[in-house]
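Colleague: The structure is given below, and queries will be raised subsequently.
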Amino acid sequence: MSSEPGTPTLDQLRVFMTVVEVGSFAGAARQLNRATSVISYTIANLEAQLGVSLFDRESTRKPQLTEAGRMVLAEARTVSHGVDGLRAKVKGLLQGLEAELRVALDVILPASRVVDALKSFREEFPTVSLHLHMEALGAVTQRVLDGAATLGVSGPLDAGLDGIERISIGSVRMIPVAAPEHPLARAKRNRPGAGREHVQLVLTDRSTLTQGKDIAVVSPRTWRLADLGSKHMLLREGIGWGNMPIPMIREDLESGRLVHLDMPDYKGGSYTFDAIYRTDTPPGPAASWLISRFQGQRSE
Numbered sequence: 000m001s002s003e004p005g006t007p008t009l010d011q012l013r014v015f016m017t018v019v020e021v022g023s024f025a026g027a028a029r030q031l032n033r034a035t036s037v038i039s040y041t042i043a044n045l046e047a048q049l050g051v052s053l054f055d056r057e058s059t060r061k062p063q064l065t066e067a068g069r070m071v072l073a074e075a076r077t078v079s080h081g082v083d084g085l086r087a088k089v090k091g092l093l094q095g096l097e098a099e100l101r102v103a104l105d106v107i108l109p110a111s112r113v114v115d116a117l118k119s120f121r122e123e124f125p126t127v128s129l130h131l132h133m134e135a136l137g138a139v140t141q142r143v144l145d146g147a148a149t150l151g152v153s154g155p156l157d158a159g160l161d162g163i164e165r166i167s168i169g170s171v172r173m174i175p176v177a178a179p180e181h182p183l184a185r186a187k188r189n190r191p192g193a194g195r196e197h198v199q200l201v202l203t204d205r206s207t208l209t210q211g212k213d214i215a216v217v218s219p220r221t222w223r224l225a226d227l228g229s230k231h232m233l234l235r236e237g238i239g240w241g242n243m244p245i246p247m248i249r250e251d252l253e254s255g256r257l258v259h260l261d262m263p264d265y266k267g268g269s270y271t272f273d274a275i276y277r278t279d280t281p282p283g284p285a286a287s288w289l290i291s292r293f294q295g296q297r298s299e
């Protein structure tokens with residue numbers, strides 16, 4: 000036998016997989032609406048092209064896979080799935096469905112909402128590749144403006160920009176917190192202005208869109224952090240106080256690792272979210288579906 004196998008056709012591979020699936024040449028013939036002789040001929044040609052025997056036809060009347068046949072079967076399934084995926088993607092393109100979707104999400108968007116939306120998206124649009132970026136504040140909108148993201152979920156600081164369409168998708172409650180050993184946490188009730196005497200941890204913007212704008216910044220003494228996870232970590236270690244979304248710190252509040260601060264001059268507030276996209280690049284079917292999913296979620 001030649002050491003250089005030939006190239007089988009997709010039809011040959013699918014006939015081979017059908018024989019394995021139904022357990023006989025005759026059964027494959029009925030399922031594929033072909034003559035049994037055609038099935039036998041196709042398998043014989045496939046074996047000749049590959050240079051290996053796929054079935055042991057001598058030890059049993061029912062065709063049994065050889066060791067080579069089991070290997071070829073695994074590869075044939077991979078090829079078949081790849082072709083099916085290709086056809087599904089092309090069908091989506093012909094119907095106007097995006098081949099890929101680039102999404103930028105605000106880091107403050109609760110994880111439960113992100114997971115719900117993206118798991119459902121994967122089930123609804125299995126052929127659409129998704130590229131996800133988590134950003135803070137104006138960096139979400141910057142990605143959309145630059146064309147690096149088709150769709151964004153942005154906070155309230157950069158609202159009103161030309162060229163951006165916004166669709167409200169709810170909000171999240173933000174509250175001031177600190178570790179239990181922090182002076183602001185030890186006080187049963189803080190006097191007005193007490194927060195200004197301590198370092199406040201503040202999420203900062205990597206873009207210039209919100210330059211000069213602060214939201215809920217009370218203290219002149221601030222540490223600016225580009226990552227919400229780092230802010231969360233430092234708060235739990237007692238390094239400063241700051242505002243955090245309730246869903247992210249719910250377990251910390253319940254366990255006592257963080258304390259909801261009683262501050263008469265700042266009680267917290269709602270952080271609103273908008274789904275955003277460029278006016279000259281309206282969302283396609285998959286992006287529109289994702290916006291609707293976010294709209295239908297419950298605010299936390």
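Numbering-wise (numbering that gives the first Met the number 0), the sequence shown opens with residue 0 and increments by one. Beta carbons: idealized from backbone N, C-alpha and C, even for Gly.
Identify whether F272 lies in helix, strand or coil by the three-state DSSP scheme.
Modeller: Strand at F272.
Colleague: Per DSSP, which residues does I163 bridge with? Please list them.
Modeller: Bridge partners of I163: R277.
Colleague: Which same chain residues end up closer than 7 Å to G22 when comparing Cβ atoms and leaving out the 5 residues on each side of it in sequence?
Modeller: Answer for G22: K61, listed in chain order.
Colleague: State buried or exposed for M0, treating a residue as buried only when at least 16 other CB atoms are found within 10 Å of its CB.
Modeller: In this predicted model, M0 has a pLDDT of only 44, less than 50, meaning its place in the structure is not dependable; the value taken from the coordinates is given anyway. M0 comes out exposed.
Colleague: Starting from the C-beta of L323, find all residues in its chain whose C-beta is less than 7 Å away, skip the five residues before and the five after it, and write them out in chain order.
Modeller: Not covered by the structure: residue 323. The range shown for the chain is 0 to 299.
Colleague: Please classify M0: does DSSP put it in a helix, a strand, or coil?
Modeller: Low local confidence applies: a pLDDT of 44 at M0 is under 50, so the model's placement there is unreliable, with the coordinate-based value given in what follows. Three-state DSSP puts M0 in coil, outside helix and strand.
Colleague: Classify L224 as helix, strand or coil using the three-state DSSP reduction.
Modeller: Reduced to three states, the DSSP call for L224 is strand.
Colleague: W240 and G194 look like a contact to me (Cβ under 8 Å); what is the Cβ gap, rounded to whole Å?
Modeller: Yes, W240 and G194 are in contact; Cβ-Cβ is about 7 Å, under 8 Å.
Colleague: Is M262 helix, strand or coil when you go by DSSP?
Modeller: M262: coil per DSSP, three-state reduction.
Colleague: With a threshold of 6 Å on Cβ separation, who are the neighbours of E180 within its own chain once the five nearest residues in sequence on each side are excluded?
Modeller: G237, listed in sequence order.
Colleague: In this structure, how does DSSP classify E123 when only helix, strand and coil are distinguished?
Modeller: Note: E123 maps to helix in three-state DSSP.
Colleague: Taking the alpha carbon of M247 as the reference point, which residue from L108, G154, S269 has its own alpha carbon closest?
Modeller: The residue with the shortest Cα to Cα distance from M247 is L108.
Colleague: Determine the DSSP secondary structure at Q11, reduced to helix, strand or coil.
Modeller: If DSSP states are grouped into helix, strand and coil, Q11 belongs with the helices.
Colleague: Please check the pair T271 and T149, which I expect to be a contact at CB under 8 Å, by giving their CB distance rounded to whole angstroms.
Modeller: Rounded, the Cβ-Cβ distance is 21 Å, inconsistent with contact.
Colleague: When we look at the beta-carbon of V106 and count the other beta-carbons within 10 Å, is it buried (16 or more) or exposed?
Modeller: With 16 or more other Cβ atoms within 10 Å, it is buried.
Colleague: Considering S153, what are the terminal residues of the beta strand (DSSP E) in which it resides?
Modeller: Looking at the DSSP string, the run of the beta strand (DSSP E) that includes S153 is 150-153.
Colleague: Can you give me the C-alpha to C-alpha distance between R277 and H132, rounded to a whole angstrom?
Modeller: Spanning the two alpha carbons is a distance of roughly 17 Å.
Colleague: Taking only three categories from DSSP, how would you classify P175?
Modeller: Here P175 sits in strand by DSSP.
Colleague: Less than 8 Å between C-beta atoms, sequence neighbours within five positions excluded: which residues of the same chain meet that for R185?
Modeller: Here the set comprises P179.
Colleague: Tell me, to the nearest whole angstrom, how far the beta carbon of A177 is from that of L257; I am working on the premise that it is less than 8 Å.
Modeller: A177 to L257, Cβ: 7 Å. Contact.
Colleague: Pick out whichever of L45, A25, Q30 has its Cα sitting closest to the Cα of S36.
Modeller: Residue A25 is the option with its Cα nearest to S36.
Colleague: If you count every other CB in all the chains shown that lies within 10 Å of the CB of L85, and 16 or more means buried, which is it?
Modeller: Label assigned to L85: exposed.
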